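To start, the structure itself, in structure tokens.
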Amino acid sequence: MRIGVIGTGVAGSLLLECLSDVPGFQLEGFERVAEGARDEAGTGLNICPNALKALRLYRPARHRALLEASLPWRRWFIDSATGERLFDLDLLEVAEDLGVRLRWSELYRLMREPVAACTKYGHELVALEEDAAGRLVPVFRVGGETVRHGGFDLLVAADGRYSQLRVLSAGEPVPEHHGIALTRLLVPDAADCPYDDYGQWFNGNNRLLSYRLPGGAVYIAGAFPIGVGADFTAEQKTAAHARAVYLPAEDEACPAVAWMVDQTCRLIDQVHWARLQVTPLRRGSADGRVLFLGDCAHAMVPTLGQGATQALEEGVLAAEVLKRGGGVAEIAALRDPRVSFIRAFSVAATDSMQPGADALALSRHKMQPEFLAKLRRAYTDVPEVV
Ligand SMILES: Cc1cc2nc3c(=O)[nH]c(=O)nc-3n(C[C@H](O)[C@H](O)[C@H](O)COP(=O)(O)OP(=O)(O)OC[C@H]3O[C@@H](n4cnc5c(N)ncnc54)[C@H](O)[C@@H]3O)c2cc1C
Numbered sequence: 190m191r192i193g194v195i196g197t198g199v200a201g202s203l204l205l206e207c208l209s210d211v212p213g214f215q216l217e218g219f220e221r222v223a224e225g226a227r228d229e230a231g232t233g234l235n236i237c238p239n240a241l242k243a244l245r246l247y248r249p250a251r252h253r254a255l256l257e258a259s260l261p262w263r264r265w266f267i268d269s270a271t272g273e274r275l276f277d278l279d280l281l282e283v284a285e286d287l288g289v290r291l292r293w294s295e296l297y298r299l300m301r302e303p304v305a306a307c308t309k310y311g312h313e314l315v316a317l318e319e320d321a322a323g324r325l326v327p328v329f330r331v332g333g334e335t336v337r338h339g340g341f342d343l344l345v346a347a348d349g350r351y352s353q354l355r356v357l358s359a360g361e362p363v364p365e366h367h368g369i370a371l372t373r374l375l376v377p378d379a380a381d382c383p384y385d386d387y388g389q390w391f392n393g394n395n396r397l398l399s400y401r402l403p404g405g406a407v408y409i410a411g412a413f414p415i416g417v418g419a420d421f422t423a424e425q426k427t428a429a430h431a432r433a434v435y436l437p438a439e440d441e442a443c444p445a446v447a448w449m450v451d452q453t454c455r456l457i458d459q460v461h462w463a464r465l466q467v468t469p470l471r472r473g474s475a476d477g478r479v480l481f482l483g484d485c486a487h488a489m490v491p492t493l494g495q496g497a498t499q500a501l502e503e504g505v506l507a508a509e510v511l512k513r514g515g516g517v518a519e520i521a522a523l524r525d526p527r528v529s530f531i532r533a534f535s536v537a538a539t540d541s542m543q544p545g546a547d548a549l550a551l552s553r554h555k556m557q558p559e560f561l562a563k564l565r566r567a568y569t570d571v572p573e574v575v
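Written out as structure tokens, the structure is:
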């Protein structure tokens, strides 16, 4: 069976790796970026315990490599901008594994390295054709040239949130915007950072999220409401705006918030901007010749850090189904109910960032058994494929 994987980010690389040594599969990956590209645009990320569990069970070598390249994520706390503690959780109370935090570029390096030999870099998918046998033929732009590598029995769309293969095989999905601006910043040399593990800080509905990364760096993510359908303005991209939304108007900011706002103002030109949005869940093309994986299938809000986490879970589990002779329908049956739960849970957990919501009360409420039970389900419910 000849399988072409479009996009070797998180899900695509892992699927290729998991199937690379299975007899009967001929695998080829196609990636838009150049080999060894070290894009820091994503800055840092936290990967949740469920992805670590999936890797531990199904891909122990990748599990070890991920642990070595990262810092453990054990604690999650939420404070007000003045430093009042609202939520404090030891992840092992609701999980079997710790999570991890690492640089985005490190995750990509780690995932791509084992599959470099079967990946063609600098290949951007631009069109889709069919050969005489009815197999799909992806068409790539390579430099200024148009290139084809023949027909495939199955194409895997692992080309992310703005998947070209999803557009070409199933039409353009309409994203749902939630009216919240997201910023990401990497502070490379942060020896004076006054905290370590994963924290969130609320000033009204405006939220800062931050943690230390390997190598002395710190990741700072901001979020503030802008209104559904609105885009960011030039004024919102200024240091003055960062101070206005994250610093308390009347009281003194706690040292952590003061430090993050100082860093954001200092490095304001390096901040990356996005809007909180979801893409409708879809598992593949109607004819079953294209499988959608990761963000391509179900780009979700990043509130619970489940985007790359689900892409990792999905990479190993989809590979297990394919190994057993299953296809798009079987992967949908295994994955879609779980993905739907995770997506709905992530949107619900965004409640405290909605304008007018009482962010402090909602954050305290997350210590209640109902939220923790859902978190346990998210962090541990990784199925065994038989
Ligand atoms: C602000 C923000 C913060 C986030 N924080 C977290 C977090 O803390 N934890 C977490 O788990 N997740 C987080 N995520 C989500 C996470 O980044 C994604 O869910 C994850 O990267 C999805 O993996 P993927 O393999 O599906 O796609 P990607 O990692 O996006 O990989 C897609 C690959 O396809 C390639 N590609 C794209 N188009 C083409 C084309 N036409 N031809 C060939 N190749 C192509 C790309 O170059 C890339 O290599 C965050 C997302 C955002 C927006």
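Counting in our numbering, the sequence shown runs from 190 upward without gaps. Note that CB positions come from ideal geometry on N, CA and C, so glycine has one too. It should be emphasised that the depicted structure is a prediction, and the values quoted were computed from it without experimental measurement.
Query	Result
Looking only at DSSP bridge pairs, what is residue 529 linked to?	In the DSSP output, where bridge partners are listed per residue, residue 529 has none listed.
Determine the contact status of residue 506 and residue 571, defining contact as a CB-CB distance below 9 Å.	yes
Classify residue 389 as buried or exposed, calling it buried when 16 or more other Cβ atoms lie within 10 Å of its own Cβ.	buried
Using DSSP with H/G/I as helix, E/B as strand and the rest coil, what is residue 394?	coil
Are the beta-carbon atoms belonging to residue 216 and residue 208 less than 9 Å from one another?	yes
Between which two residues does the beta strand (DSSP E) containing residue 461 stretch?	461-467
I'd like the span of the alpha helix (DSSP H) that includes residue 243, first residue to last.	238-247
Using only the alpha-carbon positions, how far apart do residue 362 and residue 544 sit?	27 Å
Taking residue 222 as part of the beta strand (DSSP E), name the residues at either end of that continuous run.	Taken as a continuous stretch (DSSP letters only), residue 222 belongs to no beta strand (DSSP E), as it is neither H nor E.
Would you report the Cα separation of residue 382 and residue 456, rounded to the nearest angstrom?	15 Å
Does residue 280 pass the burial test, meaning 16 or more other C-beta atoms within 10 Å, or should it be called exposed?	buried
Consider the C-beta atom of residue 236 and the heavy atoms of ligand 1; say whether any pair is separated by less than 8 Å.	yes
Under a three-way DSSP split, which group does residue 490 fall into?	coil
DSSP state of residue 498, grouped into three classes?	helix
Just to confirm my understanding: we take residue 563, look at its own chain, exclude 5 residues before and 5 after, and list those with CB closer than 7 Å. What are they?	534
Might you give, ordered along the chain, the residues of its own chain that have their beta carbon closer than 8 Å to the beta carbon of residue 291, omitting 5 neighbours on each side?	233, 234, 236, 255, 258, 259, 260, 402 and 403
Following the continuous beta strand (DSSP E) through residue 288, name the residue where it begins and the one where it ends.	288-292
Out of 195, 510 and 529, point me to the one whose CA is closest to residue 247's CA.	510
Between which residues of its own chain and residue 512 is the CB-CB distance below 6 Å, once the five residues before and five after are set aside?	211
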